[in-house]
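Participant:
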Amino acid sequence: MTLTITPRPEWLTFDCYGTLIQWDEGLKAVVADILRDKGDHSVDVDRLIEVYDRHEHRLEQMPPHRSFRELSTSGLHLALEELALASAPEDSLRLAAAIPRMPPFPEVIETLARLKAMGFKLCIVSNTDDDIIAGNVAQLGGHIDRVITAQQAGAYKPDPRLFDYAHEQLGVTRDQVVHICASPTLDHTAARDMHFRCVWVDRGTGRQLLPDYQPDATVNTLDQVVPLFKSLGW
């Protein structure tokens, strides 16, 4: 599917963390604090995040459905255990408290305002809990019309049930939305399997495309979506 031969969408859906909100930067900061407090310099920040991500994503796909707060707690505990570091309850509390405070990327609020002015409705579809994401949404200038979470749908990306739930709540079909995201592993997998349009925000983090999927368009920052859509007559 290519954007040039498809109709203008009524809704734009967005991944939140890494696309609108500075997830990598925020996660590195809180993990660095956790490691510093443990006084163990044998494990670096990137290694702990890598192991944490692996455990968290695995837990997300295991029944029964559990809250993101619970999964992040378990994922961090398992990661610390795997790396032979002591795990304490305050570690997960610190992580959960840090996520809602993570700020948007510098261009995000203005870009959301411009997209609203162009007549698009804006929805976040995110692998999180309602109470966690509320703090992030509050920083987005009031431009977001709907927020759909894994907690509401009872499923985590790339499970199609989350996007099916979102589309049902928005009253649209898959071909009436364009999804904008930064995560090949989660969002691109769903776009590939469900055949909805997808724009990748490749912020130069080193994340690699899936071997069997190409997004409909690629930009480096969110503000580049505006001229892209204008070039399509949207």
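Taking this note's numbering, the leading residue of the sequence shown gets 257, the next gets one more, and so forth.
Beta carbons are placed, not taken as given, at the ideal position from N, Cα and C, and that holds for glycine.
1) Tell me the rounded alpha-carbon separation between Phe376 and Ser298.
2) Are the beta-carbon atoms of His423 and Val433 separated by less than 9 Å?
3) Fully enclosed by the segment 409 to 487, which beta strand (DSSP E) runs are 3 residues long or longer?
4) Kindly indicate which residue of Ala352, Arg350, Leu332 and Ala353 has the alpha-carbon position closest to the one of Ser343.
5) Rounded to a whole number of angstroms, what is the C-alpha to C-alpha distance between Arg453 and Ile388?
6) Where Arg430 and Arg417 are concerned, what is the direct C-alpha to C-alpha distance, given to the nearest angstrom?
7) The beta strand (DSSP E) with Val218 in it runs from where to where?
8) Can you list the alpha helix (DSSP H) stretches of 4 or more residues lying completely in the segment 298 to 373, in chain order?
9) Just tell me which of Asp472, Thr441, Phe485 and Leu466 has its CA closest to the CA of Arg310.
Facilitator: The answer reads as follows:
1) For this step, residue 376 is matched to residue 120 along the sequence shown. For this step, residue 298 is matched to residue 42 along the sequence shown. Approximately 49 Å between the Cα atoms of the pair.
2) Indexing the sequence shown from 1 puts residue 423 at position 167. Indexing the sequence shown from 1 puts residue 433 at position 177. Between His423 and Val433, the gap from beta carbon to beta carbon is short of 9 Å.
3) Counting only runs of 3 or more, we get 433 to 437, 453 to 457 and 473 to 475.
4) Within the sequence shown, the letter at position 87 stands for residue 343. Restricting attention to Ala352, Arg350, Leu332 and Ala353, the CA atom closest to the CA of Ser343 is found in Leu332.
5) In the sequence shown, counting from the first residue as 1, residue 453 sits at position 197. In the sequence shown, counting from the first residue as 1, residue 388 sits at position 132. In this structure, the CA atom of Arg453 is about 27 Å from the CA atom of Ile388.
6) In the sequence shown, counting from the first residue as 1, residue 430 sits at position 174. In the sequence shown, counting from the first residue as 1, residue 417 sits at position 161. Roughly 13 Å separates the two Cα atoms.
7) Outside the shown range of the chain, which is 257 to 490, sits residue 218, and nothing can be said about it.
8) Listed in chain order, they are 301 to 316, 324 to 338, 345 to 354 and 364 to 373.
9) In the sequence shown, the residue the question calls residue 310 occupies position 54. Considering only alpha carbons, the answer is Thr441.
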